[in-house]
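Asks:
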Amino acid sequence: MSQYTLTGFDASAHMSEETKNADVSGPLGILLAIGVSFVVGLAYILALLFSIQDPAYLVDASNETGGYAGAQVFFDAFHARYGSGTGGIVSLGIIIGAVFFCGLGSVTSSSRMVWAFSRDGALPLSPVWHHVNPIFKVPVNAVWLICLLAFLLGLPSLHNTVAFLAVTSIAVIGLYISYGLPILFKLLFARKTFVRGPFHLGPFSDIIGIVAILWICFITVIFVLPTAYPVTELNLNYASAAVGGTIVLAGGYWLIDARRWFKGPIANVTTDTYRSADGKM
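Sequential numbering from 1 applies to the sequence shown in full-length UniProt numbering.
(1) By how many angstroms is the C-alpha of Ile216 removed from the C-alpha of Asn177?
(2) For Ile213, collect the residues of the same chain with a Cβ closer than 7 angstroms to its Cβ; drop the 5 residues on either side in sequence, then sort them by chain order.
(3) Tell me whether Thr232 sits in a helix, a strand or coil according to DSSP, three-state version.
(4) CB-CB under 7 angstroms to Phe164, same chain, minus the five flanking residues each way: which ones, in chain order?
(5) The alpha helix (DSSP H) that contains Leu46, what's its start and end?
(6) Quick check on Asn160: does DSSP put it in helix, strand or coil?
(7) So Ala258 is in the alpha helix (DSSP H); what residue range does that whole segment cover?
(8) From the DSSP output, in three-state form, read off Phe9 for me.
(9) Excluding the five sequence neighbours on either side, which residues of its own chain have a C-beta within less than 6 angstroms of the C-beta of Asp76, listed in chain order?
(10) Short of 6 angstroms in beta carbon distance, which residues of its chain neighbour residue 285, apart from the five on each side in sequence? Order them along the chain.
(11) Which of the three DSSP states, helix, strand or coil, is assigned to Met15?
(12) Going by DSSP in three states, Asp120 sits in which element: helix, strand or coil?
(13) Taking 8 angstroms as the limit between beta carbons, can you name the residues of its chain near Leu123, skipping five residues before and five after?
(14) Report the three-state DSSP secondary structure of Phe151 (helix, strand or coil).
(15) Round the Cβ separation of Arg119 and Ile266 to the nearest angstrom and send it over; I've been treating them as touching at under 8 angstroms.
(16) Using only the alpha-carbon positions, how far apart do Ala98 and Val36 sit?
(17) Under the rule that 16 or more other beta-carbon atoms within 10 Å means buried, what is Phe78, buried or exposed?
(18) Whose C-beta lies closer than 7 angstroms to the C-beta of Ile30 among residues of the same chain, with five residues either side of it excluded?
(19) With 16 as the cutoff for other CB atoms within 10 Å, does residue 294 come out buried or exposed?
(20) Where Thr19 and Gly26 are concerned, what is the direct C-alpha to C-alpha distance, given to the nearest angstrom?
(21) At what residues does the alpha helix (DSSP H) containing Leu214 begin and finish?
(22) Check Tyr238 in the structure and name its three-state DSSP category.
Put into structure tokens, the structure is as follows:
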């Protein structure tokens, strides 16, 4: 769950077409998001760790929060200080807020990608999802599509904790694989031909790329592991099946049909756009 709330720092990349000086502002936005999250997250985690009073009771299913460790830390801290754990339960709004803003960032990024793909004609009913609302100036249909798909995907989690964990695992694994593939292809096939932009990591680029790939592999393995042992059909983590099935379907669709007609993103501007009246750039 903690890793799930760290998905969304790439929103700057998805919004780059609407960003001034995007080749610099976009990477800086990502770095700032990671940096701020690191500082605030480290402070938050340290505060939680130093607030633990009884580790064994923390995960006991008979405690005041039913074995939910995060909530119990808040409850114990407020109960020890004020004689009541009510304030601790209210303080769970911090976690709820983190999850909410993570979801908000995911919806923003996902709907932006739906709009971009439909603009390029890569999705069924592309004109519908590509439509920009004349009043709100945003692709409302694409936003509603993502919200509907997210609702349907999360619906089983209302009565099943395993389903909720699977949904969050799918979100993390899917995003991290999408991050990892371009990095991997660049390292394997384009180390000498890759054209750097004005913002780059210099000689550390390959090293950081390798570390990123290793981290993505580690996270992917962790998030497909079962939630408990012994493994049964009730606690099996179905994230691997969902992500693997999506990759197989998408890859099959590309090989069978899409590669014949999809030519990549449609350019919004050309060099002629920037030519002045005298023909100079």
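In this text, a Cβ means the ideal position worked out from N, Cα and C, and glycines have one as well. Please read all numbers here as calculations on a predicted model, not as lab measurements.
Replies: Looking at the coordinates:
(1) Along the sequence shown, read from residue 1 onward, the residue named residue 177 stands at position 177. Along the sequence shown, read from residue 1 onward, the residue named residue 216 stands at position 216. Per the sequence presented here, residue 177 reads as Ile, with Asn not at that position. If I take the Cα positions, the gap works out to 7 angstroms.
(2) Here residue 213 is taken as the residue at index 213 of the sequence shown, counted from 1. Counting only Cβ-Cβ distances below 7 angstroms, and skipping sequence neighbours, we find Gly180, Ile183, Leu184.
(3) The sequence position of residue 232 within the sequence shown is 232, counting from 1. Note: Thr232 maps to coil in three-state DSSP.
(4) As a first step, residue 164 must be located in the sequence shown, where it is residue number 164. If we look at Phe164 and ignore the five residues flanking it on each side, its Cβ neighbours are Ser157.
(5) Start at 1 with the first residue of the sequence shown, and residue 46 comes out as number 46. Segment 22-51, the alpha helix (DSSP H) holding Leu46.
(6) Along the sequence shown, one-based indexing puts residue 160 at 160. If DSSP states are grouped into helix, strand and coil, Asn160 belongs with coil.
(7) Reading the sequence shown from its first residue, position 258 is the one you call residue 258. Segment: none, Ala258 is in no alpha helix (DSSP H) and carries neither H nor E.
(8) Position 9 of the sequence shown holds residue 9. Note: Phe9 maps to coil in three-state DSSP.
(9) Here residue 76 refers to the residue found at position 76 when the sequence shown is read from its first residue. Same-chain partners within the cutoff: Gln53.
(10) Past the edges of the chain, shown from 1 to 281, lies residue 285, and the structure says nothing about it.
(11) Here residue 15 refers to the residue found at position 15 of the sequence shown. Correct three-state label for Met15: coil.
(12) Here the question's residue 120 lines up with position 120 in the sequence shown. Here Asp120 sits in coil by DSSP.
(13) Residue 123 sits at position 123 when you count from the first residue of the sequence shown. Cβ within range, chain order: Val114, Phe117, Trp129.
(14) For this step, residue 151 is matched to residue 151 along the sequence shown. In the structure shown, Phe151 sits in a helix (DSSP, three-state: H, G or I).
(15) As a first step, residue 119 must be located in the sequence shown, where it is residue number 119. As a first step, residue 266 must be located in the sequence shown, where it is residue number 266. 6 angstroms between Cβ atoms; contact.
(16) Here the question's residue 98 lines up with position 98 in the sequence shown. Here the question's residue 36 lines up with position 36 in the sequence shown. So the two alpha carbons sit approximately 13 angstroms from each other.
(17) Indexing the sequence shown from 1 puts residue 78 at position 78. Counting Cβ neighbours within 10 Å, Phe78 comes out buried, since at least 16 surround it.
(18) In the sequence shown, counting from the first residue as 1, residue 30 sits at position 30. So the list reads Phe9, Asp10, Ser12, Ala13, once near-sequence residues are dropped.
(19) In the structure as shown, the chain begins at 1 and stops at 281. Residue 294 is therefore absent and cannot be evaluated.
(20) Numbered from 1 along the sequence shown, position 19 holds the residue referred to as residue 19. Numbered from 1 along the sequence shown, position 26 holds the residue referred to as residue 26. One C-alpha to the other measures close to 8 angstroms.
(21) Walking along the sequence shown from the start, residue 214 turns up at place 214. Segment 205-224, the alpha helix (DSSP H) holding Leu214.
(22) Stepping through the sequence shown from its first residue, residue 238 is reached at position 238. Correct three-state label for Tyr238: coil.
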